[in-house]
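One structure below.
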Amino acid sequence: MLDGTDEFTNLELAVRQHARFVFRVAYGVLRNSHDAEDVVQEVFLRVHRKGTEGVQDLPAWLATIAFRLALDRTRKPQALDIEEFELPTHEPNAEHIAMHRQQVDRLHRLIAALPEDLRYPLVLSALEELNSRQIGGILGIPESSVRGRIFRARQILKEKLAVTETKR
Amino acid sequence: MNHDEHLDHLLDEALSEYRDAEPLAGIESRILARLQLSEPSRRPFVLRWAIALACAAAIAAAIWFGSVRRTPESVSQTKIAATPSVAQAPIPRPAPVGAASGAKVAEFRRPAKPHAVVAAPVATVAHAVPSVFPLPSPLTAQEQAFLASVQGEPDSARLAAAADDALVIAKIEIKPLERSGTPSGDNP
């Protein structure tokens with residue numbers, strides 16, 4: 001059994017080691033720094049109250065909490081449908097923005113328009129700290145499904161991007 | 001670089017934003033500060049146990065004192081002490097002239113206080129069986145003084161009691177007034 005001081009020391013260590021990772025998980029869902037930081041604080045408050053006894057994989061456990069809290073914060077999606085998603089071929093200030101940056105921005109919008117079951121595996125796969133098994137644990141799906149969904153998401157994004165590029 | 005590789009590269013770059021997302025500086029400090037504020041009453045383990053043990057000891061002591069005070073003898077004594085007698089009851093005095101109305105109210109309420117004070121012990125020992133029934137009322141001041149004098153000088157008291165028994169009061173005879181034939185010089 002840990003003393004209260006030891007508990008807080010361990011918690012402090014966990015904060016210093018994993019706060020930024022937890023932030024990135026929340027940011028992947030929310031795409032907003034302030035909201036993501038709120039989620040991180042909420043995650044560690046919960047850890048503080050409940051402790052980490054019996055937790056095998058602390059980063060994955062923290063990521064799971066952060067992911068669920070971030071999901072709770074997301075409002076209803078803005079009715080974007082990847083099938084009907086059409087990017088404007090000419091931005092008002094397109095001439096002043098670098099071509100490359102435009103493409104990346106479009107990709108972000110495409111990612112945001114992906115269905116959740118494809119978007120979250122793809123976003124979490126971008127985090128180096130998480131492997132497919134851990135992502136599956138967070139999302140509650142098998143590891144093989146994680147890989148399949150990531151592959152499908154990438155395919156859809158590339159197709160959409162290719163279409164917009166040919167329209168240009 | 002073919003088109004597919006180019007798209008993969010773009011996709012990886014877009015996803016790198018998630019990987020490289022950084023919070024504002026000092027997020028760890030802010031989290032720790034909030035954690036410390038969240039539970040200010042969180043005490044060290046030893047201190048928590050010490051407080052728990054002290055509370056347990058206090059409760060045990062209270063139970064022990066309670067059991068000691070509930071013996072039958074003490075119960076009857078408690079009842080005697082708790083029963084207000086006429087001699088001990090405070091006599092309400094008239095309030096001094098010019099006293100505040102609040103003082104008058106307090107004066108009138110005073111007799112009720114003994115009942116309120118003794119109500120708790122009587123209630124707590126209500127289930128105990130008294131050793132003497134009916135309960136003797138406490139001695140009055142005169143009785144207590146007499147008891148003290150008897151205990152101090154038992155022989156003289158006994159003799160005084162015997163003297164009281166032997167005392168015979170002679171019958172008082174009152175003779176009727178005699179009337180003389182000569183009128184007094186005072187009466188005309």
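Quick note, the sequences are listed as chains V and L, same order.
The opening residue of the first sequence carries number 1 in my numbering; numbering runs sequentially from there.
The opening residue of the second sequence carries number 1 in my numbering; numbering runs sequentially from there.
Just so it is clear, CB atoms sit at the ideal spot from N, CA and C, and this is done for glycine as well.
Computed from a prediction, not measured in an experiment: that's the story for all the values here.
Return the CA-CA distance between A106(L) and L45(V), expressed in angstroms with no decimal places.
As a first step, residue 106(L) is located in the second sequence; it is residue number 106 there, counting from the start. As a first step, residue 45(V) is located in the first sequence; it is residue number 45 there, counting from the start. Bear in mind that a pLDDT of 46 at A106(L), under 50, signals an unreliable position, so the model cannot answer this.
My output table needs one value for T125(V): the three-state DSSP class, helix, strand or coil.
Position 125 of the first sequence holds residue 125(V). In the sequence on display, residue 125(V) carries Ser and not Thr. S125(V) falls in the helix class under three-state DSSP.
Rounding to the nearest angstrom, what Cα-Cα distance links R179(L) and I172(L) in this structure?
Along the second sequence, one-based indexing puts residue 179(L) at 179. Along the second sequence, one-based indexing puts residue 172(L) at 172. Roughly 22 Å separates the two Cα atoms.
In whole angstroms, what is the alpha-carbon distance linking A54(L) and V68(L)?
The residue given as residue 54(L) occupies position 54 in the second sequence. The residue given as residue 68(L) occupies position 68 in the second sequence. About 21 Å.
So, with DSSP's three-state summary, where would you put E190(L)?
The requested residue 190(L) is not part of the displayed model; chain L covers only 1 to 188.
Give the interface partners of L11(L) over in chain V, defined as CB-CB distance under 7 Å, in chain order.
Counting from 1 along the second sequence, the entry for residue 11(L) is found at position 11. Result: L107, R154, L157, K158.
So with Cβ pairs under 8 Å, would you call R149(V) a contact of chain L?
Mapped onto the first sequence, residue 149(V) falls at position 149. Not closer than 8 Å to any Cβ of chain L, the Cβ of R149(V) fails to qualify, so no.
Using beta carbons (cut-off 8 Å, strictly below), is E143(V) in contact with chain L?
Taking the first residue of the first sequence as position 1, residue 143(V) is located at position 143. It does not; no Cβ of chain L falls within 8 Å.
Return the Cβ separation of V55(V) and V22(V) in integer angstroms, given the expectation that the two are a contact with Cβ distance under 8 Å.
As a first step, residue 55(V) is located in the first sequence; it is residue number 55 there, counting from the start. As a first step, residue 22(V) is located in the first sequence; it is residue number 22 there, counting from the start. That belief does not hold up - the Cβ atoms of V55(V) and V22(V) are roughly 14 Å apart, past 8 Å.
Got a sec: which bits of the stretch 13-31 of chain L sit with their beta carbon under 8 Å from any beta carbon on chain V, in order along the chain?
Taking 8 Å as the Cβ-Cβ cut-off against chain V, the residues of the stretch 13-31 of chain L that qualify are E13, A14, L15, S16, E17, Y18, R19, A21, E22, P23, L24, I27, E28, R30, I31.
Does the beta carbon of H96(V) sit closer than 8 Å to a beta carbon anywhere in chain L?
If you number the first sequence from 1, residue 96(V) lands on position 96. Low per-residue confidence applies at H96(V): pLDDT is 47, beneath 50, and the placement is therefore not dependable enough to give any value.
For L10(L), tell me which candidate among V104(V), L58(V), V40(V), D57(V) has the shortest Cα-Cα distance.
What you label residue 10(L) is simply residue 10 of the second sequence in a count that begins at 1. Taking only the C-alpha atoms, the option nearest L10(L) is V104(V).
So, helix, strand or coil for I111(V), using DSSP?
As a first step, residue 111(V) must be located in the first sequence, where it is residue number 111. I111(V): helix per DSSP, three-state reduction.
Compare the C-beta of F67(V) with all C-beta atoms of chain L and state if any pair is closer than 8 Å.
Locating residue 67(V) in the first sequence gives position 67, counting from the first residue. No, no contact with chain L.
Kindly provide the ranges of any alpha helix (DSSP H) runs that are 4 or more residues long and lie completely inside the stretch 38-82 of chain V, ordered along the chain.
As far as the stretch 38-82 of chain V is concerned, its whole alpha helix (DSSP H) runs of at least 4 residues are 58-73.
Measure the C-alpha to C-alpha separation of H6(L) and A14(L) and round it to an integer number of angstroms.
The count along the second sequence starts at 1 and reaches residue 6(L) at position 6. The count along the second sequence starts at 1 and reaches residue 14(L) at position 14. Distance between the alpha carbons of H6(L) and A14(L): 12 Å.
Please report the straight-line C-alpha distance between V168(L) and L147(L), rounded to a whole angstrom.
Along the second sequence, read from residue 1 onward, the residue named residue 168(L) stands at position 168. Along the second sequence, read from residue 1 onward, the residue named residue 147(L) stands at position 147. Between V168(L) and L147(L), the C-alpha separation is close to 26 Å.
What would DSSP say about G148(V), mapped onto helix, strand or coil?
Taking the first residue of the first sequence as 1, we reach residue 148(V) at position 148. It is helical.
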